[in-house]
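Protein chains in written order, with numbering that gives the first Met the number 0: chain Z, 0 to 131; chain V, 0 to 295.
From the three backbone atoms N, C-alpha and C, an ideal C-beta is built for every residue, glycine too.
Notes for the one structure printed next.
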Amino acid sequence: MAKISFDLVSPENLIFNDEVGMIIVPGKDGDLGILPGHSKVMSSLRPGRVMVYGEDKNLLKSFFVSGGFAEINPEKCIVLAESVEELSSLEKSLVEKEIQQLESQNEIKANEQLLIAKAKLDAINFTFYNKI
Amino acid sequence: MPSLKDIKTQINSVGSTKKITSAMKMVAASKLRRSQEKAEAARPYSSRLEEMLSSLASSAASGEGIIKLLTGTGNDQNYIVVPVSADRGLCGGFNSSINRETFKLVKSLEGNGKKVQLMPVGKKSRDFFNRVMKDQIIDSFVDLNVSSTGYESALNISNKLQELYFDEKFDKCILVFNKFKSAISQEVTQQQLIPLDVSSSEKEEEKENSSNAIYDYEPDEETILKDLLPKNVSIQVFKVLLESDAGEQGARMAAMDNATRNAGEMIDSLTLKYNRTRQAFITKELIEIISGAESI
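Listed below in structure tokens is the structure:
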């Protein structure tokens, strides 16, 4: 089966760079599943999960991104994200605490962070896409 | 004529200074490597972002809202200058060249009848401009420590700038910083941050346009551009901070290397002086003894 090269880049470093079988990215208008040979697309991303699968559709890695951009062409998929965390490294209780804190602040700036934190919690809770 | 003891103390104190400067050189060298790695790591992100932006820039027709980051306010009257210096000294001409260049820039802009405000980054430039142009400073950022706090620190600066920009406090923003050329040389550079200067990458843009023409955009070009522009400001600030950090370490390394060498030379000449004085002292004592013996 064909492979597609996938880069996950944050401002601080290159987090992932390898040939994979499939990627799911959280596009602004809905999740995009990207297989090798995908048409050329440029999309902005909402906060959510980036899932990376191997050739036989086994889940290799899953990340949480706080938003960003994806550039897709038939051979390559590049995701630019401002903050990236590996899903397995996130603690549910910590995120819940963060949400509580942000909710009590009630500022415009905190609002944005709150949306991200809530999306983070969703990302931890949701299990779909784990097996396809 | 200084006594032997005086010279000895002097040699010792120069020796301990030398120890300090050579230790600082070592520290700067290892920090330099780290900040170079950081700057290297940030490159893929910023170059990708720039590519995306240049392929989208053509679609920005209207000058409303966030797009103003690209197209400008249409005015050319109010400037904000952001000198990026280090927080600490002992790095040669690193900070003073930034301050001098910024001062010159501000004066020449004011000479053309523009209004200029300052937003110094780093203690050294803040302190300098606090002395000479206190009332023009609207904000300052110190103790950024970009190599450990990372992207967060750049975000603070860029958020503040954008806030001011959309409040129509200024029309153009210029960064003055030390561009990292090599471990021993930095170049003071001016970069226009807002509105975005796309002319410099125009050539690439043409090349990009041909290959990007068939991209699908999701949701649409304008929405992406609106997301992209603020991020681009932040990443440019981040890039500049990293460059300046690497430059600072490089400058400190060079300065400390010089200081160490100078201290070494000083010790040599002091040791020579010490030996001569000792010799002269011995000779004098001998003469005294001999002439004493002769007179008996």
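What first and last residue would you give for the beta strand (DSSP E) that runs through residue i?
i                           : result
phenylalanine 15 of chain Z : 13-19
threonine 303 of chain V    : What the structure shows of chain V is the stretch from 0 to 295, and residue 303 of chain V is not part of that stretch, so it cannot be assessed.
aspartate 6 of chain Z      : 3-8
alanine 48 of chain Z       : Inspection of the sequence shows that residue 48 of chain Z is occupied by arginine rather than by alanine. It spans 47-52 - the beta strand (DSSP E) in which arginine 48 of chain Z sits, taken as one unbroken run.
isoleucine 33 of chain Z    : 29-33
isoleucine 173 of chain V   : 171-181
According to DSSP, is residue i helix, strand or coil?
i                            : result
tyrosine 128 of chain Z      : coil
glutamate 106 of chain Z     : coil
tyrosine 310 of chain V      : Nothing about residue 310 of chain V can be reported from this structure: the residues present for chain V run from 0 to 295 only.
valine 141 of chain V        : coil
phenylalanine 165 of chain V : helix
arginine 130 of chain V      : helix
lysine 159 of chain V        : helix
lysine 56 of chain Z         : coil
lysine 119 of chain Z        : helix
serine 42 of chain Z         : strand
glutamine 112 of chain Z     : helix
glutamate 201 of chain V     : Note on glutamate 201 of chain V: pLDDT 45, under 50, position unreliable in the model; no value is reported.
proline 25 of chain Z        : strand
asparagine 208 of chain V    : Low confidence applies here, because asparagine 208 of chain V scores a pLDDT of 48, under 50, leaving its location unreliable and the question unanswered by this model.
May I ask which residues mark the beginning and end of the alpha helix (DSSP H) holding residue i?
i                      : result
glutamine 9 of chain V : 3-55
leucine 269 of chain V : 220-294
How close, in whole Å, do the beta carbons of residue i and residue j come, if the pair is a contact with beta carbons under 8 Å?
i                           : j                         : result
glutamate 81 of chain Z     : lysine 113 of chain V     : With a Cβ gap of about 34 Å, glutamate 81 of chain Z and lysine 113 of chain V do not count as contacting.
methionine 118 of chain V   : valine 81 of chain V      : 5 Å
lysine 39 of chain Z        : tyrosine 150 of chain V   : 28 Å between Cβ atoms; not a contact.
isoleucine 123 of chain Z   : leucine 89 of chain Z     : 6 Å
leucine 68 of chain V       : isoleucine 193 of chain V : 6 Å
arginine 277 of chain V     : leucine 104 of chain V    : Not quite, the Cβ-Cβ distance comes to about 56 Å (not below 8 Å), so this is no contact.
phenylalanine 62 of chain Z : leucine 7 of chain Z      : 7 Å
methionine 255 of chain V   : alanine 182 of chain V    : Between alanine 182 of chain V and methionine 255 of chain V the Cβ distance is about 13 Å, and since that is not below 8 Å, they are no contact.
lysine 122 of chain V       : valine 141 of chain V     : 5 Å
leucine 160 of chain V      : valine 232 of chain V     : 7 Å
valine 236 of chain V       : alanine 153 of chain V    : 4 Å
valine 78 of chain Z        : glycine 67 of chain Z     : 6 Å
cysteine 90 of chain V      : alanine 250 of chain V    : 4 Å
tyrosine 273 of chain V     : lysine 17 of chain V      : 16 Å between Cβ atoms; not a contact.
proline 10 of chain Z       : alanine 41 of chain V     : 6 Å
Who are the neighbours of residue i on chain B, taking C-beta pairs under 8 Å?
i                   : result
valine 8 of chain Z : In summary, chain B is missing from the structure at hand, where the protein chains are Z and V.
Interface residues of the region 49-78 of chain Z facing chain V [CB-CB below 7 Å]:
When CB distances to chain V are screened at a threshold of 7 Å, the residues of the region 49-78 of chain Z falling below it are Phe68, Glu70 and Ile77, in chain order.
Just to confirm the assignment: which complete alpha helix (DSSP H) runs, minimum length 4, are found wholly within the region 58-104 of chain Z?
You should have 91-104.
Under 7 Å, CB to CB, which of the residues in the region 19-49 of chain Z have a partner in chain V?
Here the close residues are Gly26, Lys27, Asp28, Ser38, Lys39, Val40, Met41, Ser42 and Ser43.
At which residue ranges does the region 65-124 of chain V contain complete beta strand (DSSP E) runs of 3 or more residues, listed in the order of the chain?
Runs of the beta strand (DSSP E) spanning 3 or more residues and lying entirely within the region 65-124 of chain V occur at 77-82 and 114-117, in chain order.
Return the residues of the region 159-174 of chain V that lie within a Cβ-Cβ distance of less than 8 Å from chain Z, sorted by chain order.
From the region 159-174 of chain V, no residue has a Cβ closer than 8 Å to chain Z.
Relative to chain Z, which residues along the region 97-114 of chain V have a C-beta separation below 8 Å, given in chain order?
Using a CB distance below 8 Å, no part of the region 97-114 of chain V faces chain Z.
Which residues, in order along the region 35-53 of chain V, keep a beta-carbon less than 7 Å from a beta-carbon of chain Z?
Taken in chain order, the members of the region 35-53 of chain V whose beta-carbon sits within less than 7 Å of a beta-carbon on chain Z are Ala40, Ala41, Pro43, Tyr44, Arg47, Leu48 and Met51.
Under 8 Å (Cβ pairs) to chain Z, residues found in the region 215-230 of chain V:
Close to chain Z, meaning a Cβ-Cβ distance shorter than 8 Å, are the following residues of the region 215-230 of chain V: Asp215, Tyr216, Glu217, Pro218, Thr222, Ile223, Asp226, Leu227 and Lys230.
Of the residues that make up the region 235-250 of chain V, which ones have a beta carbon closer than 7 Å to any beta carbon in chain Z?
The residues in question are Phe237.
Residues of the region 270-289 of chain V with a CB closer than 8 Å to any CB of chain Z: list them in chain order, please.
From the region 270-289 of chain V, no residue has a Cβ closer than 8 Å to chain Z.
At a CB distance below 7 Å, what residues from the region 137-157 of chain V approach chain Z? Give them in sequence order.
If the cut-off is 7 Å between Cβ atoms, the region 137-157 of chain V has Gly149 and Tyr150 near chain Z.
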